[in-house]
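Mapping of the sequence shown onto my numbering: position 37 corresponds to residue 124, and the numbering continues sequentially without gaps. Every residue gets a Cβ at the ideal spot worked out from N, C-alpha and C, and that includes glycine. The structure presented is a predicted model; accordingly, all values stated were derived computationally and were not measured.
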Amino acid sequence: TARLMTAINASEGPVLAVDLPSGLEATTGEPFAPCVRASATLTLALPKTGLLAPRAAKFVGDLWVADIGVPETAYARAGLTVGPIFSTESLVSIPRDFP
């Protein structure tokens with residue numbers, strides 16, 4: 088796996104990470120060695136906290152969140168208050184300065 092991740096980082100083309108870049112810790116954003124440097128990351132339902140960490144920015148690239156149909160009641164059961172982020176689009180760009 089490490090050789091594949093190193094080869095991905097050496098490639099010249101764009102890299103899309105699905106959910107989070109391989110080698111990036113989802114909660115803290117701590118990169119392990121090696122860690123894929125994505126041009127963009129498409130995460131599902133809500134952004135993982137680690138994707139928003141400043142130290143993760145160079146590995147995450149442009150951050151997008153896709154709606155996978157999680158009902159608001161599921162978020163409420165998890166103790167999360169989630170606004171209608173997917174009210175008009177099923178794919179949302181998350182700005183780097185997102186709180």
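| task | Find out if the Cβ-Cβ distance for the pair Lys-135, Thr-160 is shorter than 8 Å. | result | no
| For Pro-69, does the count of other Cβ atoms within 10 angstroms reach 16, so buried, or fall short, so exposed? | Nothing about residue 69 can be reported from this structure: the residues present for the chain run from 88 to 186 only.
| said: If I follow the unbroken beta strand (DSSP E) through Ile-181, where does it start and stop? | reply: 178-181
| Residues that DSSP places opposite Asp-149 in a beta bridge | Ala-127
| field | Paired residues, beta bridge with Leu-103 - DSSP | value | Ala-127
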